[in-house]
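Using the numbering used here, read the sequence shown as starting at 2 and increasing by one per residue. Backbone N, C-alpha and C fix where the C-beta goes; we use that ideal spot for every residue, glycine too.
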Amino acid sequence: MKIAVVGTGYVGLVTGTCFAEVGIDVTCIDIDQKKIDNLRNGILPIYEPGLEEMVARNVKSGRLHFSTSLAESIKGADVAFIAVGTPPGEDGSADLKYVLAVARGIGENIDGYCVVVTKSTVPVGTAAKVRAEVENALTKRDADVEFDVASNPEFLKEGAAIDDFLKPDRIVVGISSERAEEVMRRLYKPFLLNGHPIIFMDIPSAEMTKYAANSMLATKISFMNDIANLCEIMGADVNKVRQGIGSDARIGTKFIYPGIGYGGSCFPKDVKALIKTAQENGYQMQVLQAVEGVNEAQKEVLFSKVKKHFGGDLKGKKFAIWGLSFKPKTDDMREAPSLVIIEKLLAEGATVSAYDPVAVKEAKHTLGDTITYAKDQFEALVDADALLVVTEWPEFRSPSFEVVGRLLKQKVIFDGRNIYDAAELREVGFAYHCIGVKTDH
Ligand code: NAD
């Protein structure tokens, strides 16, 4: 089979590379010339564990190609994936201009039957718009080419994207013809061998499934943050409550960790977009409105603790920040809670020295030289008044607290991810603040 993947970001690059890995001929297309030039030289635009080696292997084998030309790459493709961004518009709805521009380009260039698949996260009804764009473009050039549209939302997690793609919990495909179903089944066959299910459904249901999945996960996070905040007021320990409820199989242990709010390129925008879709159709998503409200407030919780600890005056104080990316094992800084915390600290006249294993380059696009970037996690601590743990990278989990205490000016830790043991830290003289546990400091 031959496929084209349009949009070579977190989703498109992983998708294209994983299809190449199982023997399919793949061209990844992007409008960003520099991105494509770099990829041809083995330089990846993103950090994703294991991806660099996999790209190199498949380029070498001749199965994975990179191009800026949709016109050339789409010729003879059995499937064309649209994997471009769908950022939130000003009113929160998903901006479809990139998706529809690609659909037009596909219509202008396909030369034989092709399944046009939206892999980008798009609201219900988008596949119909994609179909109309392709049809219009075909009519304009008076071409009689058959095609189908399909919806194949992506569920990969940044930081574990390759594993998620190669061994998916499920593959969801929305189709409207048997022919498209047959092509998509053949394409995904190599990923189904170990019992991973492929679920075919109508296209609107597939489009909705992605929003429902992300909204459910965001709901778990905001629910747990709400519980954490109440635990703190009432003198309960959310870490124990989490274990207590997670052992109930109906609830489960995943996604019930309290913290400093969800970020990233998906949850915030997808929750907003679903609320907006509902509003446009005369319905209020009451639960999701609360989920969003709790999340906005939660991004400020760590900062409030810092301010309270220092008696409201942060002017001239220096803070060490461990972790900038919105979660570990990615360089993605989109909607990262670190940005909110840093902005607030700087606005109070404090300075920040930050360390992140991979996200510094991305962080500089937004933060520039408003903070300093330490070369390792310990350098960030030197002469700082406190440490803030913002992203739970594995290397932050068990540092030498003797060294941490020696480098810091004051032995104070604000743990936004509850990765440390309060009793252990207090025993060695730290003031320790975390989420959802009452502190006496
Ligand atoms: P991204 O911003 O990393 O990549 C998008 C790419 O599309 C960019 O490289 C951009 O240059 C390219 N592009 C834009 N217009 C183009 C055009 N006309 N032709 C060719 N290329 C074009 O985005 P992403 O994080 O990969 O997300 C893509 C979609 O997948 C979004 O809808 C997102 O919601 C969804 N998604 C993302 C994730 C994730 O973890 N990042 C997971 C599941 C779904």
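Buried or exposed by the 16-neighbour rule on C-beta atoms within 10 Å, applied to I37
I37 is buried by the Cβ-count criterion.
What are the boundary residues of the alpha helix (DSSP H) that S305 is part of?
That run of the alpha helix (DSSP H) goes 302-310.
Compute the Euclidean distance between the alpha carbons of W445 and Q34, then round it to the nearest angstrom.
For the chain, the structure presents residues 2 to 442; residue 445 sits outside this window and is missing.
Would you say the beta carbon of Y48 comes nearer than 8 Å to a heavy atom of the ligand NAD?
False, no ligand heavy atom lies under 8 Å from that Cβ.
Is the beta carbon of V125 less than 9 Å from the beta carbon of P205?
Yes, they are a contact pair.
Which ranges does the alpha helix (DSSP H) cover as unbroken runs of at least 4 residues, wholly within the stretch 229-312, from first to last along the chain?
The stretch 229-312 is shown to contain whole alpha helix (DSSP H) runs of 4 or more residues at 239-247, 268-281, 287-299, 302-310, in chain order.
Between P46, I199, R41, which has its C-alpha nearest V60's C-alpha?
Residue R41 is the option with its Cα nearest to V60.
DSSP three-state call for I343: helix, strand or coil?
Three-state result, I343: helix.
Contact test: I420 Cβ vs the ligand NAD heavy atom, cutoff 8 Å:
No, since every heavy atom of the ligand NAD falls outside the 8 Å radius drawn around the Cβ of I420.
Report yes if the C-beta distance between T367 and L389 is below 9 Å; otherwise report no.
No; because the gap between Cβ atoms is not below 9 Å, this pair is not in contact.
Answer yes if the stretch 43-52 comes into contact with the stretch 90-100, meaning at least three C-beta pairs across the two stretches below 8 Å, and no otherwise.
Here the stretch 90-100 makes no contact with the stretch 43-52; the two share fewer than three CB pairs at distances below 8 Å.
When you compare only the Cα positions, how much space is there between I111 and A128?
Cα to Cα, the separation comes out at about 17 Å.
Would you decide whether L101 is buried or exposed? Buried here means 16 or more other CB atoms lie within 10 Å of its CB.
By the neighbour-count definition (other C-beta atoms within 10 Å, threshold 16), L101 is a buried residue.
Span separating the alpha-carbon of A364 from that of R180:
Each residue's alpha carbon lies about 45 Å from the other.
What are the boundary residues of the beta strand (DSSP E) that includes D319?
The amino acid occupying residue 319 in the given sequence is Lys; Asp does not appear at that position. Per DSSP, K319 belongs to the beta strand (DSSP E) from 319-323.
Taking just the CA atoms, how far does A424 sit from V413?
Cα-Cα distance, rounded: 14 Å.
Would you please state the rounded distance, in angstroms, between the beta carbons of A355 and I342? I believe it to be under 8 Å.
About 10 Å separates the two Cβ atoms, so there is no contact after all.
Nearest CA to the CA of D332: which residue from K306, G350, K362?
The candidate whose alpha carbon is nearest that of D332 is K362.
Give the range of the beta strand (DSSP E) segment to which G175 is assigned.
For G175, the enclosing beta strand (DSSP E) covers residues 172-175.
Measuring only from the beta carbon, is P106 closer than 8 Å to any heavy atom that is part of the ligand NAD?
First, the amino acid is wrong: residue 106 is Gly here, not Pro. At least one heavy atom of the ligand NAD is nearer than 8 Å to the Cβ of G106, so yes.
Burial state of L65 (16 or more Cβ within 10 Å):
L65 comes out buried.
Using a Cβ-based criterion (distance less than 8 Å to any ligand heavy atom), does F156 qualify as near the ligand NAD?
The answer is yes for F156.
Going by DSSP in three states, I107 sits in which element: helix, strand or coil?
Three-state result, I107: helix.
Classify Y263 as buried or exposed, calling it buried when 16 or more other Cβ atoms lie within 10 Å of its own Cβ.
With 16 or more neighbouring CB atoms inside 10 Å of its own CB, Y263 falls in the buried class.
The ligand NAD and L57: does any heavy atom of the ligand fall closer than 8 Å to the residue's C-beta?
With the sequence shown as reference, residue 57 is identified as Ala, and Leu is not the correct amino acid for it. No, the beta carbon of A57 sits no closer than 8 Å to any heavy atom of the ligand NAD.
Tell me whether D170, by its Cβ, gets closer than 8 Å to a heavy atom of the ligand NAD.
For the ligand NAD, not one heavy atom lies less than 8 Å from the Cβ of D170.
Since A84 contacts G8 with CB under 8 Å, what's their CB separation in whole angstroms?
Between G8 and A84 the Cβ distance is about 4 Å, and since that is below 8 Å, they are a contact.
Under 6 Å, CB to nearest heavy atom of the ligand NAD: contacting residues:
Selection output, chain order preserved: V7, G8, T9, G10, Y11, V12, G13, I30, D31, I32, D33, K36, A84, V85, G86, T87, Y99, A102, V103, S121, T122, E155, L157, E159, S266, C267.
Residue(s) in a DSSP beta bridge with I30:
V7, S68, per the DSSP bridge assignment.
Over what stretch of residues does the alpha helix (DSSP H) that includes H366 continue unbroken?
If you look at H366, you'll find it in the alpha helix (DSSP H) that goes 361-368.
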